[in-house]
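Chemist: Sharing a structure below in structure tokens format, with a few things to ask.
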Amino acid sequence: MKNSILLTLLILILSFSCKNQNKNSTEHMVILTAPSFKEDISNGNVQLIDVRTPEEYNDGHIQNAVNIDFLSDDFSDKFDSFDKDEPLYIYCRSGNRSQKAAKKLSEMGFDIIYDLKGGYLNYE
């Protein structure tokens, strides 16, 4: 009897712990493959953000992408004019910075963030 109560308590504690971990994750981010990303942005009427440096952006970028450098001091401020209720499509060079950017953007209140799997390197 004692063991079953302890086991039940342990299961409840682990269950609660897992739920709290999910709240800290980027619940609003979806990683898209290059073909899905291309299809979604094909109409051109999306919020498309390149989070690479201006130098990387100038070396080549996806058409209609706005460059907002994730490493810049004013990264968050540059999103003041964006609609938080509309999806954001973001990418970087390989997917690392855009995942960090997606987490930050989610914390800023953006509802849906689509991240390009493998970044711009995977897009071409």
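Under the numbering used here, the letters of the sequence shown match residues 18 to 141, in that order. Glycine included, every Cβ here is placed at the ideal spot set by N, Cα and C.
#1: With C-beta atoms as the reference, is Leu-138 less than 8 Å away from Ser-111?
#2: Under three-state DSSP, which class holds Gln-116?
#3: I believe Ile-85 touches Ile-66 by the beta-carbon criterion, under 8 Å. Please report the beta-carbon distance rounded to the nearest angstrom.
#4: Consult DSSP for Leu-49 and reduce its assignment to one of helix, strand or coil.
#5: What do you get for Asp-100, buried or exposed, if any count of 16 or more other CB atoms within 10 angstroms of its CB means buried?
#6: Taking buried to mean at least 16 other C-beta atoms within 10 Å of its own C-beta, is Asp-90 buried or exposed?
#7: CA-CA distance, Pro-71 and Gln-80?
#8: Check Asp-86 in the structure and name its three-state DSSP category.
#9: Closest to Ser-93 by C-alpha separation, out of Ala-119, Ile-48 and Asn-113, would be which residue?
#10: Identify, in the order they occur along the chain, each residue of the same chain with its Cβ nearer than 8 Å to the Cβ of Val-47, setting aside the five sequence neighbours on each side.
#11: At the level of alpha carbons, what is the spacing between Phe-96 and Asn-62?
Modeler: Judging by the given coordinates:
#1: It is a contact, given that the beta carbons lie within the stated cut-off.
#2: Three-state result, Gln-116: helix.
#3: Cβ-Cβ separation between Ile-85 and Ile-66: approximately 5 Å, consistent with a contact (criterion under 8 Å).
#4: Correct three-state label for Leu-49: strand.
#5: Exposed.
#6: Exposed is the call here.
#7: Distance from the CA of Pro-71 to the CA of Gln-80, rounded to the nearest whole angstrom, comes to 15 Å.
#8: It is coil, neither helix nor strand.
#9: The residue with the shortest Cα to Cα distance from Ser-93 is Ala-119.
#10: The beta carbon of Val-47 is closer than 8 Å to those of Ile-129, Ile-130, Tyr-131 and Asp-132 in its chain, skipping five residues each way along the sequence.
#11: Approximately 17 Å, taken between the alpha carbons.
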